[in-house]
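Student: Under my numbering, the very last position in the sequence shown is 429; numbers go up by exactly one each time.
No residue lacks a Cβ here, since even glycine has one placed at the ideal position from N, Cα and C.
Just so you know, these numbers come straight off a predicted model, no measurement behind them.
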Amino acid sequence: MSHLLPTPLPNPRIPARLPVITVGLDGSRESLASVTWAADEARRRGLSLRVLHVWSLDPDVHSPLIGSRTRQGMTEPDPRTTAEWIRGTHRGLEVHTQQRCGEPAAVLCEAAEESELLVVGSRGLGGFTGFIVGSVALSVVARTRHPVVLVPGPEPMPGGDVVLGVDLSHPCDEVLDYAFSQAHRLGVPLRVVHSPHRPGGSGGDAEEAAAAMAPGTAASATARTLTQVINQWRHAFPGLHVTGEIRPGHPARRLLEAAHSAGLVVIGRRNRDSRLGPHTGTVTRAVLHRCRTPVAVIPHD
């Protein structure tokens, strides 16, 4: 007697680099804010949206984005209900749902490889809105080589311009292209911010802040370099209003100041490993901890 083999289930993974934006869902208000941001972005780009929930067998890790100590106020995530809600608020947007079991950071990194963009939520720590030290979201940012947007919740600030933090010693095409393209898609101005920093300087925060506001403090060579970087990209985006700002001082502090009224902050993260594994870098990590605005992290070599 012959026995029929069971028909294998189709692979639920979306093929690599399909035009889709993936958003992580964990049941928190912050993740719902990130779903809304991702849905808006998918509609702007003409892409589909994938709502992904990752569950782990580890009893202390219940969500892709936050730790067990921050689970107050959360509900059990339901990707299908969330997808129906998004279909109602974003008519015509193609929405997929997916649930995966595994180590959350690893699964989200895999999802980033399959997507045009990965979006995750963040949660306030203490009395301010920011990101959690050691969270899975930060681990994903450190490990993936694809763009990730982290959205603070529960309601990210609408509107505002795009602020790009640029290192003139290593201006990166991937980061510049994302910032210019995003400002163009949103129809908002782009501010390109560079912060010359003198480690060990004797002035302190007060002097640095005064220097940032005083006219003529930036070296002319730095100003010329910033203008050249902007002009190299300006021609590809006619009509886009672009300004450059030189803010002497600690790069993370000055970028956070510039981002106070922004709708999106764009920063780069160099792909590099240390003996302790991948890491985000001090400026990127500081911005992620304190920024009240959605932050796009663009990895580059």
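1) According to the Cβ coordinates, are Ser-250 and Glu-158 closer than 8 Å?
2) Pick out whichever of Val-393, Phe-365 and His-363 has its Cα sitting closest to the Cα of Arg-418.
3) What residue range is occupied by the uninterrupted alpha helix (DSSP H) comprising Cys-300?
4) Measure the CB-CB distance between Val-277 and Leu-245 and report whether it falls below 8 Å.
5) If you compare alpha carbons, which of His-322, Ala-240, Leu-236 and Gly-152 is closest to Gly-377?
6) Could you compute how far the alpha carbon of Gly-367 sits from the alpha carbon of Leu-177?
7) Compute the distance between the beta-carbons of His-274 and Pro-427, then report whether it is under 8 Å.
8) Can you tell me where the alpha helix (DSSP H) with Val-411 in it begins and where it stops?
9) Assuming Leu-383 and Val-415 form a contact by the criterion Cβ under 8 Å, report the distance between their Cβ atoms to the nearest whole angstrom.
10) Which term fits Cys-237, buried or exposed, when burial requires 16 or more other beta carbons within 10 angstroms of its beta carbon?
11) The alpha helix (DSSP H) spanning Thr-209 covers which residue range?
12) Could you spell out where the alpha helix (DSSP H) holding Thr-164 opens and where it closes?
13) Give me the Cα-Cα distance between Val-247 and Asp-154, rounded to the nearest whole angstrom.
14) Can you have a look at Pro-205 and say buried or exposed, based on whether 16 or more other CB atoms are within 10 angstroms of its CB?
15) For the beta strand (DSSP E) containing Thr-371, list its first residue and its last residue.
16) Decide if Gly-310 is buried, meaning its Cβ has at least 16 other Cβ atoms within 10 Å, or exposed.
17) Taking just the CA atoms, how far does Val-411 sit from Val-291?
18) Is DSSP giving Thr-225 helix, strand or coil here?
19) Are the C-beta atoms of Ser-297 and some chain B residue less than 8 Å apart?
20) So which of Val-279, Gly-396, Asp-289 and Val-320 has the shortest CA-CA distance to Ser-156?
21) How is Pro-147 classed by DSSP in three states: helix, strand or coil?
22) For Leu-146, I'd like the list of residues in its chain whose CB is within less than 7 Å of its CB, leaving aside the five on either flank, ordered along the chain.
23) Just grab the DSSP bridge partners of Ile-358 for me.
24) Take the Cβ of Arg-375 as the centre, count every other Cβ of all protein chains shown within 10 Å, and call the residue buried at 16 or more, exposed below.
25) Give me the residue from Ala-166, Ala-364, Thr-272 and Arg-172 with the minimum Cα distance to Val-179.
26) Please report the distance separating the alpha-carbon of Leu-318 from that of Asp-289.
27) Quick one: Cα of Pro-134 to Cα of Arg-228, how far?
28) How is Ser-309 classed by DSSP in three states: helix, strand or coil?
29) Identify whether Arg-382 lies in helix, strand or coil by the three-state DSSP scheme.
30) Does DSSP put Ala-351 in a helix, a strand or coil?
31) Does DSSP put Ala-364 in a helix, a strand or coil?
32) Look at the alpha carbon of Gly-372 and the alpha carbon of Arg-362, and state the distance between them as a whole number of angstroms.
Tutor: To lay it out plainly:
1) yes
2) Val-393
3) Premise fails: Cys-300 is in no alpha helix (DSSP H) and is neither H nor E.
4) yes
5) His-322
6) 29 Å
7) yes
8) 410-418
9) 6 Å
10) buried
11) 207-217
12) 157-173
13) 12 Å
14) buried
15) 370-374
16) Before going further, note that residue 310 is Gln rather than Gly in the sequence given. Label assigned to Gln-310: buried.
17) 15 Å
18) strand
19) In summary, chain B is missing from the structure at hand, where a single protein chain is found.
20) Val-279
21) coil
22) Glu-242
23) Ile-358 is not bridged to any residue.
24) buried
25) Ala-166
26) 6 Å
27) Because the pLDDT of Pro-134 is 38, which lies under 50, any placement of that residue in the model is unreliable, and the number read from its coordinates should be weighed accordingly. Each residue's alpha carbon lies about 22 Å from the other.
28) helix
29) helix
30) helix
31) coil
32) 12 Å
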